[in-house]
Every structure is written in C-alpha cells, then in structure tokens.
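Numbering of the sequence shown is given in UniProt numbering, commencing with residue 1 and proceeding in unit increments.
Backbone N, C-alpha and C fix where the C-beta goes; we use that ideal spot for every residue, glycine too.
I have placed the structure first, in the form of structure tokens, so that the comments after it can refer back to it.
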Amino acid sequence: MSAEAADREAATSSRPCTPPQTSWFEFLLEEQLLEQHLRKPSPDPPPVQLIVQFLEQASKPSVNEQNQVQPPPDNKRNRILKLLALKVAAHLKWDLDVLEKSLSVPVLNMLLNELLCISKVPPGTKHVDVDLSSIPPTTAMAILLYNRWAIRTIVKSSFPVKQVKPGPPQLNLKEQAADSILVLEGALKLNKDLYVHTIRTLDLLAMEPGMVNGETESSTAGLKISAEEIQCQVCYDLGAIYFQQGATNAALHENAKEKFFKTRELIAKIGSSSLHCTIDEERLAGYCQACGVLTSSDDDASQQATPYSQIDNCLKTGNYQDLVKIFLEDNLALSLPVQFRQSVQRELFQNALQGNDALEEVCFKICVCNTVRDILQGEIIDVQFCLLFLKPNKEKIDFLLEACSRSINLENASESLKRKMASFLKNLCLGLEDLQLVFMISSHDLFIKLLKDDERKLLIDEMRKRSPRINLCTKPVTSFYDIPASASVNIGQLEHQLILSVDPWRIRQILIELHGMTSERQFWTVSNKWEVPNVYGNVILGIKDNLTRDLVYILMAKGLHCSAIKDFVHAKQLFAACLELVTEFSPKLRQVMLNEMLLLDIYTHEAGPGANGERPPSDLISRVRGYLEMRVPDIPLRQVIAEECVAFLLNWRENEYLTMQVPLPLVQTNPYVKLGQLLAATCKELPGPKESRRTAKDLWEVVVQICSVSNQHKRGNDGRVSLIKHRESTGFLLISWECPSHFFFSFQEPLVLTTILSLFVKLHNVREDIVNDITAEYISIWPSSIPNLQSVDFEAVAVTVKELVNYALTINPNNHFWLIIQADIYFATNQYSAALHYYLQAGAICSDFFNKMVPPDVFTDQVIKRMIKCCSLLNCHTQVAILCQFLREVDYKTAFKALQEQNSHDAMDSYYEYIWDVTILEYLTYLHHKRGETDKRQIAIKAIGQTELNASNPEEVLQLAAQRRKKKFLQAMAKLYF
C-alpha cells in the first residue's frame, strides 16, 4: 500500500460518522431491541415517533386479488406492532401531556383503544356501565385513561386555534362527553390504588394463555398510581370540562369551582413533585381565580377580594369611582396583566359608543391610568390617549398629574422609572400651547422632584420663547481643595458614607480620614459595584500613593455609574474633580478623563437639548473630531467612545466631514470611522434623484462581513456574551448584536436609522427559506444576492432587525415606514392581530386618523393583501371582502370566497354599510337570498340602494362615496385592533 493510500485510509477511518436511524421493522426482528433503544439518552427515532410508525404500519389496509381495499388483517405481525406501540407508551408512563403534545387525535385514540383491548375491555362496552371497583386495577386504569383523554380533548377543541386545511373527518368525542363525565365522577368514589401497564405486564399479556401465571390479573401488577394522585388528576380534568360547559350552563361553574379547589387541596397533600400527577399549577390558579369571579358564595371572602372580582363587581354595579381607584393602585402593584386592563378599557369605550355619555369621563380616566402604566414600562403611548388629549383642560391635567403621582413611589422607585416619568411630563409640557396648563405641570411637586435643575432650565428656556417672565438661577461651584477634613469616626460608618456619597469633596474628606485610621486597607475595594474598565484599571492601580489611587479609582467608578443612570450633573462633578486631581501627576490619565468627559458631554446633549432637536455647539463637534483624529501613543481607549463619536457625527448630519474631510489614515485604522463614512455617503446620496449604488454596495459588503458566522464568543464586563467579528482583510473588529450599547443602537437621526434598517431588512430577505419578505424604504439600492449565503448568521440578522425597529420606534413612534416594517415582522411570524395593529397605526398616523386619504406608498397593494390575509386567518371574512375593494383592481374572487364563509368572527352584516362596490353588494344579495337569510338580504339591499352608489353618478361622486366608507371602516378597524 502506498503512503498516500495509507493516509487516505487513516483519514477515512478516523472521520466520525452519524449512526443510521433505526427503522421500525428492525424492532420486529429483534425482541430486545426496543427496550435497548428506549434506554438511550436521546433515542432516534424518538418514542412518540415510534408510536406513530408502529400504528401506521399496523393499520395499513390490504388489497385483495380483485384489487379491492380490505381492512388491515388481524395477523401476528400487526398484533406485535400494536404491542410495540403500547410498550413505548408504557415507557412514557402513559403521560397524557407528552402523548397529546406529539400525537394527533386519531393516533392517540387508536393507541388507547388498543390499551382497552389488551386490558380485557370488550369492544362496544359502555364504560359508564362498568363497575370500576370490581374489575382488575389495570383494566380500571385503562378505562380512566381513555375517558380522561376524551374529556381533555373536548376541552382543548373549544380553544380557538389556527384553521387547518380540510382533511379526513375528525373524531367526534362530544357525543360521549356525558358518559365520560359519569365515569370520572365514579372514579372519585374509588378509595384504592390502581395500576397501569408496564413493558413487563404487556409482555406477560402477550404470552400464550397457558403460559400466563395470573400475575397480570393481581392487584400488584404494573406501575402503582396512588388513590390521591388519581383523584387529583380526575378532579382537575372534571373541573376543566365543567368550566368549559359553564359558558352555556352557569350552574356548572359551581361544580368546576368545587373540583379545582379539591385539586388544590390534593396537590398540597401529595406535593407538586409527584411523578404521576402533572398539573399546571399556574393554570389551576387561573381557573380558581376565574371561578371565584364567576360564582358568588358568601363564604369565600378571599376570592371576592381579588382585583379581578372587584373589577367585575364594579362593572356590573356601575361603581366606576372604585374602578379608577383599583387601576391607580395597580399602577404600583402591577398585579393585573396589561392585556386585561386594555380589555376593560375597550369594553368601556364600546359602551360609551352605544350612547352612554356618562362613561366619557370614566373612559378618559381609565385610558390615562393605562397610559401611565405603559410609560413606566417603556411602551409606546397609545393612540387613544392622544385622541382624548387633543383638547386638554384643567380637569384633565389635574387627573393626569394625580395618576402620575399615585403611580410612582419616589422613595423606592428606580432611576429608570423616574427618568421615564420625567421625560413624559417634559414632553407633555412641550406639546401644550396653553401656558396656564404648562404652569400647572411645571409647578407640581412631582415635576419639581423628578427633573434636575439643568433639565428644568433647558425646558424653561424653551418656554421663554412664549413667556419672558421665567428665570432660573445657577449655584456657584466651590474649589476642590477648599474643603477641610472633619474629625474621624468609626471606619464602618465612614465606609458606608463613602459608598452613598456622590459629592467629590466629601469623598476626598472621607478617604483622608480612613487613611488616617489605617494604612493597610485598599478602600477602592469597599464596594463590588465600583467598576472601572480594565483598560483604565491597570493604569489607575499602578499609582503608588495609596490615597491618590483610591481617590482616582472611586471618583471614576462613581462618575461612570452616574453617567450610566443618566445622572449627568453628578457625573460631571465627579469627572471634573478627577481631572483636576490627575492633571498634576499623569498626562496619560488626564487624557483619559478628557475622553470620558467628552463622552459625558455627548450623552448630556443627546438627553437634553439634542432630544428637542437643538444642534450641538460647534465646540463639542470640534472635540469629537479631535478625539477621532487623536494620535497620542500609549493612551488607553474605550471602544464605546469611538462608537459614540461616530454615531454623534452621523446623528447631527456631519456628512461632509465624514465623506470628504476625515483623514485617510483614520479611515484605514478605525473601523467605526470607515463604517460611519460609508453610512454618511449612502445617506448623502439617498435624497437625490438618482440613488447611487456604489457606496451602498460598499456598505453592504462591510455589514455582510460583520455578520459572518466565523466569530468568537467573548464575555463582556456586564456578563453578557457578545460576538466578536474579525476580518483580517478589512481590519474590522466589531462587537455585534449587543443591545443597546451596540454601535447601530446609538443612531438617532431618522435617515441614518432608515438606511441601516433598510440594509438589515434586505439582508434578512436574502435568505432562501424566507416566505414573507419584509418591506422597507430604499430597499432597492442594496445588492440582491450574496455569493456565499452559508457565511451569514441569519438568525442574528433576524434578531437585529427586530431590535432595530423596536429601538427606532422609541426614537420616533410616528414613523409610518418603521411601523410598516414592524407590522411585516409580526406578519412573517404569524402574529396576525399584532400585524394589523401596526398596519392600521401606520395608516392612522399619516392620515390624521383616516380623516384624510392614506398615501398610496403606505397602503400599497402588498400591504392591503397582507391585511387581507391577516383578517382571513383570524376568520374575519367580512373584513376580508371590504379590504378587497382597497386594491387597485378589486379582487372579486377573494371577496366572494370570503363572503361564502358562514363562520365569521367579525361583525358581518354590520359592515355592509362600508361596501361601495356594487358588484360585491349584488353578490351579497344573491347569496343571502340563496341561503334564505331574509334580514341580512334586506341590509344588503338597503346598502346597494343608496343614491351615491348609482353607477350613473359622476366619477367624483363615486370616489367621494368610496372615500367616506374607507374612512369609517378603517376607523372601526382601528378601534377594534388598537
């Protein structure tokens, strides 16, 4: 054998190979193979797939010589296959949760029927007629399993699910529901343990009758299930079916309540870690709570005291004052889900629309409560609140301020919550034109406590344009070295004060006293929350003087922390003190502090004047440029400063500098500057009549390289894992997918955000397995393919698209193109109700809540078709038919098919007034006449008989009629989905 052949053989033999999947027929040939296979840690195929294969093969029909289809023969092969399926289920301990999750209803029905058969239950026997106490325990358990499954399947079938394609007729278990309930009620009277078949007992049953020694009929055969576990499972299943039937028979809710509470008692008795009693305790708690609301018993005070029951009682009795009080209290407690609060709000608005004018004030107050809750949780302000606040007055402002005050506990609230509330109040002031209302807010105690002096000064400067009477004074700053040291106190107390203080002069005073007491301690280690980046830590900890080292380290750590929580005033004081200190002995640390103060000034401007659109001073822009062009050797640099500097220049449209004036060596050595230059060049050319693709292609190639899957995982200082991308050819070393510190999430300029969003959307759409593309502005400027698709981490790209659009909407929630992208994402992930919400929100924003025509570049044919598909999959077929009119060419085929559906989950004939296409109305008239639906036919005839729809009318009249109906329909849809 040659050397090459030997190497080739060695390489081939050492290459790992995947073992082939075991085929179903192999288990027929080797008796012990099944148990060996099931004992594997990850058997392939998995157990549930084996059950399907065995039963599928055992139930295959045969064809005789006359080519006629015959039932599956009852031969040895098929009996063994059915036994193998039962053995696999026994290995899974007959866990219905596992079996129901992976097996279809017909397959599981076949499996349980085989269990009944092998347990000696004669076919056709009514289970309700069987005395469970007089039959073998394994037989009784088989009957219980079958009837528990039947009840569970009936309950699950009542839940709304995605409509499946037509197939073979499904099993109708509802006919035997009453019998199954009686069987389970009878099982509750059993006070003995039962046994379920195991692989061993099934083997014994499969033996020849002469070889069975009677063990399978004894009371100890099989796997023991205790009486308490049986009662617990049966009570839960009976409670679920009673609760489901309570929709038509309210008295059954009492039965459900009894069963669920009994289940809870049994779980407390046997413990939640039972092997054979698997109950979702969160779902059980929900059932118990719902039963407490639906039933009224005097002896259940604890249930009546829940917020749900209180709200239900308030709605029934019309006690709306207490209802508002509950919502305000929940803004602090956060016990009610947001979806539930919104459903109460929708119910009140619906009642108000039906003519109950007394509810208008309640609707406003509940909407304010929900809006304040959304603000504190970082959500977008609801459109309904904006509509109600179009005409603000003193009473509305009074209640809004009351709601804000009662929704936040300033003593215990986090800085994040305080900043969210402060930002809301500040933006509210800027949006009001009545200065008296502005004064009501700005003079309120909550406003004064939440906004810092600098922020109030900036706001008042803005207000001064309307009223010159407002003034604000500033406080003088004391020199750093003018503070004398006080008498020494206990070290522990001083360390505690050191941790709490953000006053640099007080920090210096405490450290002097501590070092006077002991010289052995390193006081920069007092708190593990004091963190300084590693690039700085090595330099600071190299300072020889202990006092100076501790002081510099603590001042920088506290300054960085204050900057992170947006306490910029204290951060600036701490950094200024640190800069004054290090200037005397370390030029390197002096430059470090100047860099950190530059970053702090960027943050301060972006959170203050920059948030209101005010351009930064030229001095700040010059300092940013100077930092990027800085070439001082041996200066430790933080990556985030370079990111923020480039993002700052992009946000303030310094495109000329980035594209024309930035030094070439800087572009070649700093990857962020290179990326910023490409972004600036692309944005610069976008508004022009001819979109240049050259810079767009360069930007595309760079981002594709960043998204390459050849990456390394690295854990950052905050403990999160980020992806480090490296390309030797381009010198890119970028941290990706880490929100919000990621480079792309520093952008605030709309065109820059739109450009990078468009790029990532296009990159997302390039995937071969994408079914529904996402649309975006300027998407045509990017290349349409990638040479090596396998090199791109598309999962990370998909996550980035979602996070980018969420971030963009926090910058500007009224950008309709970004809202369309969000809607497309929800559409692509089958979240159709949410998709409709954002499609409609995009249309509402650019049309003054549909009072004007929605621009055709917003409601394109593709958007309308996706809205049609959403409505169709939500079974809102009348909405589908109406939306078909919105297309440039009316889609009659889809409209007619939708109108033929009789199981529609929308308002149906109440929507006929929104139809303006006479052909659709004529088809509706014919359809209702054919079905004998006289009332609905009259509604269609009334709609078609309106004079403004007469085909002889001028085109302007017909268009006006269509536009009026579009407006009313879209507003009705918005109220439904917002």
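Taking its Cβ as the centre, do 16 or more other Cβ atoms sit within 10 Å of residue 541, making it buried, or is it exposed?
exposed
With DSSP as the reference, label residue 70 as helix, strand or coil.
strand
Through-space distance from residue 685 to residue 656, alpha-carbon basis:
12 Å
Give me the residue from 617, 906, 963, 413 with the minimum Cα distance to residue 446.
413
DSSP three-state call for residue 499: helix, strand or coil?
helix
Pop quiz: residue 680 and residue 658 are said to be a contact at Cβ under 8 Å. What is the actual Cβ separation, rounded to whole angstroms?
Residue 658 and residue 680 do touch by the CB rule: their CB atoms are close to 4 Å apart, below 8 Å.
Tell me which residues share the same chain as residue 953 and place their Cβ nearer than 6 Å to its Cβ, disregarding the 5 neighbours each side in the sequence.
Cβ within range, chain order: n/a, list empty.
DSSP three-state label for residue 225, please.
strand
Please state whether DSSP places residue 104 in a helix, a strand or coil.
coil
With 16 other CB atoms within 10 Å as the buried threshold, where does residue 516 fall?
With fewer than 16 other Cβ atoms within 10 Å, it is exposed.
DSSP state of residue 194, grouped into three classes?
strand
Can you confirm whether the segment 793-812 touches the segment 749-768 when touching is taken to mean that 3 or more C-beta pairs between the two stretches lie within less than 8 Å?
Touching, yes, given that three or more Cβ pairs across the two stretches are closer than 8 Å.
Taking the alpha helix (DSSP H) that residue 833 falls in, what are its first and last residues?
832-845
Rounded to whole angstroms, what's the CA-CA distance from residue 921 to residue 936? Just pull it up for me.
11 Å
Keeping to the same chain, check which residues put their C-beta closer than 7 Å to that of residue 591; ignore five residues upstream and five downstream.
632, 635
For the putative contact between residue 570 and residue 562, defined by C-beta atoms under 8 Å, what is the C-beta separation to the nearest angstrom?
5 Å
To the nearest angstrom, report how far apart residue 612 and residue 423 are at their CA atoms.
Computed Cα separation, rounded: 11 Å.
Put residue 703 into one of helix, strand or coil per three-state DSSP.
helix
Considering Cα atoms alone, identify which of 886, 846, 700 is closest to residue 784.
700
Cα-Cα separation between residue 492 and residue 530, rounded to whole angstroms
17 Å
Rounded C-alpha distance that separates residue 375 from residue 956:
45 Å
Does the Cβ-Cβ distance between residue 284 and residue 238 come in under 8 Å?
no
Within 10 angstroms of its Cβ, does residue 245 collect 16 or more other Cβ (buried), or is it exposed?
The residue is buried, with at least 16 neighbouring Cβ atoms inside 10 Å.
Spatial neighbours of residue 819 within its chain, please: C-beta separation below 6 Å, excluding the five flanking residues on both sides.
838, 841, 842
Kindly indicate which residue of 392, 368, 425, 382 has the alpha-carbon position closest to the one of residue 403.
368
Is residue 708 helix, strand or coil by DSSP?
strand
Residues sharing a beta bridge with residue 62, DSSP
DSSP links residue 62 through a beta bridge to 70.
Alpha carbon to alpha carbon, how far is residue 503 from residue 545? Give it in angstroms, no decimals.
22 Å
Taking the beta carbon of residue 559 as the centre, do at least 16 other beta carbons fall within 10 Å, making it buried, or is it exposed?
It counts as buried.
At which residues does the alpha helix (DSSP H) containing residue 260 begin and terminate?
252-270
Within the continuous alpha helix (DSSP H) that includes residue 324, where are the two ends?
320-333
For residue 606 versus residue 575, is the C-beta spacing smaller than 8 Å?
no
Residues bridged to residue 792 by DSSP?
Paired residue(s): 708.
Helix, strand or coil at residue 730 [DSSP, three-state]
Because residue 730 sits at a pLDDT of 40, beneath the cut-off of 50, its placement in the model cannot be relied upon, and the following sentence gives the value as read from the coordinates. DSSP places residue 730 in coil when its eight states are reduced to three.
Have a look at residue 850 and residue 967 and give me their C-alpha separation to the nearest angstrom.
Cα to Cα, residue 850 sits roughly 5 Å from residue 967.
Between the alpha carbons of residue 939 and residue 255, how many angstroms are there, rounded?
So the alpha carbons of these two residues sit roughly 43 Å apart.
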